[in-house]
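See the structure below:
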């Protein structure tokens, strides 16, 4: 009986400790779109490191300045101590008896994503990395989007106050420092003034509207024309008679197909400018095919932040756009 009681208490303590370990995970640290790579300096300075830097450092489409999709830094395995282990995005590279690739979440902190890439030698590791490169990059980006959305949920704007949102039957999660510029019932324009550094003269902007779904096969090719019409109608420059927002004519936007809220969607990244003026910047447009209501719901974000990098601002707009739900 005594032995059984001891075993029961021991088991209870172990279960309690396990639960406590999960509960007391530290908050992860690090900027969004940044990855800490744990590998030997010799590998990082060689072909393997170049392969990783070139892949993660691919230029993000649509930005006026060249900025990478993901920023990377490196640390040797013997330097990967407790301080480094709370980094949010980590990739661990090493040699083993076989090729392996897997992802773990919330190992040392939360939210956290750790990608493990193993091979029998440098060429083998590079092979595994290249086979899973897109999956790896998507995992980091998706994780950072979810984290950003959770932050915005804590200070969420009440989007139901806007007539356009109610009429379109949508919801989205944006922080409450966005203010209304225009809300016609058919078109919504929200603006957030940027407060840091030189960008304090700039703004992040959200546009929401819909257009009839006439031919699904032509939605993608009509995105530029639609946004130019919206710009002319709703987004004037300093001289309302001669100036309005257009898609930059010297730069061809890049459109890709994806799924948003379970619906076929076209994501377009490009640059906007004000006709007959010098204002310009990047935009991110999501045109969602809503067959149920025979329409295309458009959620667009654009940034005006002269003289500073804009990847972080566009990423926040991406996180907001991808939170959209259509009722």
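In my numbering, the protein residues as written are 17 to 343. Here a beta-carbon is modelled for each residue, glycine too, at the ideal position from N, C-alpha and C.
Counting every other CB atom within 10 Å of its CB across the protein chains shown gives residue 45 a total below 16, marking it as exposed. In the three-state DSSP reduction, residue 245 falls in the helix class (H, G or I).
Secondary-structure assignment with DSSP links residue 165 through no beta bridge to anything.
By the neighbour-count criterion, in which 16 or more other beta carbons inside 10 Å mark a residue as buried, residue 93 falls on the exposed side. In this structure, residue 82 lies away from residue 91, with their beta-carbon atoms at least 8 angstroms apart.
Residue state for residue 177 is assigned as helix, using DSSP reduced to three classes. Note: residue 282 is bridge-paired with 273, 303 in the DSSP secondary-structure output. Just measuring C-alpha positions, the residue of 204, 88, 202, 220 sitting nearest residue 210 is 220. Uninterrupted beta strand (DSSP E) stretches at least 3 residues long and entirely within the segment 75-160 occur at 87-91, 105-111, 116-121, 129-135, given in chain order. Just so you know, the alpha carbons of residue 170 and residue 111 end up roughly 42 angstroms apart. Taking 8 angstroms as the cut-off, the beta carbon of residue 144 is found no closer than this to the beta carbon of residue 105.
Taking C-beta atoms under 8 angstroms as the contact rule, residue 190 and residue 222 qualify, at a distance of about 7 angstroms. Within its own chain, the residues whose Cβ lies closer than 8 angstroms to the Cβ of residue 275, once the five positions on either side in sequence are excluded, are 281, listed in chain order.
Each of 265, 278, 248, 264 was checked against the Cα of residue 257, and the nearest Cα belongs to 248. For residue 316, the enclosing beta strand (DSSP E) stretches over residues 311-320.
Residue 132 and residue 120 have their C-alpha atoms roughly 8 angstroms apart.
Taking the Cα of residue 203 as reference, the smallest distance to any Cα among 185, 89, 321 is reached at 185. Spanning the alpha carbons of residue 234 and residue 302 requires a straight line of approximately 15 angstroms.
Annotated three-state conformation of residue 293 is coil, per DSSP. In the DSSP assignment, residue 49 falls outside any alpha helix (DSSP H) and carries neither an H nor an E.
Boundaries of the beta strand (DSSP E) around residue 219: 219-228.
Annotation: residue 272 to residue 237 spans about 11 angstroms, alpha carbon to alpha carbon.
The C-alpha of residue 113 is placed about 43 angstroms away from the C-alpha of residue 285. Here residue 85 has 74, 76 as same chain residues with Cβ atoms under 6 angstroms from its own Cβ, once five neighbours each way along the sequence are excluded.
Sequence-distant Cβ neighbours of residue 228 in its own chain, meaning closer than 8 angstroms and more than five residues away, are 310, 311, 312. In this structure, residue 317 places its C-beta atom within 8 angstroms of the C-beta atom of residue 300. For residue 196, the three-state secondary structure derived from DSSP is strand. The three-state secondary structure of residue 211, taken from DSSP, is coil. When the alpha-carbon of residue 250 is set against those of 218, 290, 160, the nearest one is in 290.
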